[in-house]
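K.L.:
After the structure tokens below, expect a handful of questions from me.
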Amino acid sequence: FRQVQLNVINNDERPKYESILNKWYDGEFESVVKDFEEIHYLRSGKKQSMEGSKLAKKTDSDEKEFILHFFGQEGLDIHNKEWKQGEL
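Quick look at the structure:
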């Protein structure tokens, strides 16, 4: 497991940032667009609406297609194994 530097504008907001990352790590993506907006704000200090943007939660098939395109069958096999076993 690699530790990531959490770059936030206001250090008091670090727990909120970590909470969102932990949600994603646990596979909770129900509010991913809203969470992304919050991450953007915490990192840049600027509120930015994603309304009308192409930012959207992807379907499972979209995600697998993306993995296959960029990481090949080996990457897709790893993804499928990890999610099947609940490791991610």
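For the sequence shown, the working numbering gives the first residue as 3, with consecutive numbering after it.
Backbone N, C-alpha and C fix where the C-beta goes; we use that ideal spot for every residue, glycine too.
From a predicted model like this one, the values you see are computed outputs, not experimental measurements.
At the level of alpha carbons, what is the spacing between aspartate 62 and lysine 86?
P.N.:
What you label residue 62 is simply residue 60 of the sequence shown in a count that begins at 1. What you label residue 86 is simply residue 84 of the sequence shown in a count that begins at 1. For aspartate 62 and lysine 86, the distance between alpha carbons rounds to 13 angstroms.
K.L.:
Is the beta carbon of histidine 81 less than 9 angstroms from the beta carbon of lysine 60?
P.N.:
On the sequence shown, position 79 is the one that residue 81 refers to. On the sequence shown, position 58 is the one that residue 60 refers to. Against a cut-off of 9 angstroms, the Cβ pair of lysine 60 and histidine 81 comes out as no contact.
K.L.:
Report the CB separation of lysine 49 from tyrosine 43 in whole angstroms; it is logged as a contact under 8 angstroms.
P.N.:
Counting from one through the sequence shown, the residue named residue 49 turns up at place 47. Counting from one through the sequence shown, the residue named residue 43 turns up at place 41. With 8 angstroms as the limit, lysine 49 and tyrosine 43 qualify as a contact, their Cβ atoms being about 6 angstroms apart.
K.L.:
The alpha helix (DSSP H) with glutamate 39 in it runs from where to where?
P.N.:
On the sequence shown, position 37 is the one that residue 39 refers to. Note, glutamate 39: alpha helix (DSSP H), 34 to 46.
K.L.:
Please state if the CB of leucine 23 and the CB of phenylalanine 38 are separated by a distance shorter than 9 angstroms.
P.N.:
Residue 38 sits at position 36 when you count from the first residue of the sequence shown. Residue 23 sits at position 21 when you count from the first residue of the sequence shown. Their beta carbons are not under 9 angstroms apart, which means phenylalanine 38 does not touch leucine 23 by this criterion.
K.L.:
Out of Glu76, Asp28, Glu20, state which residue places its alpha-carbon closest to the alpha-carbon of glutamate 40.
P.N.:
Taking the first residue of the sequence shown as 1, we reach residue 40 at position 38. With distances taken between Cα atoms, glutamate 40 lies closest to Glu20.
K.L.:
Using three-state DSSP, classify glutamine 50 as helix, strand or coil.
P.N.:
As a first step, residue 50 is located in the sequence shown; it is residue number 48 there, counting from the start. Glutamine 50: coil per DSSP, three-state reduction.
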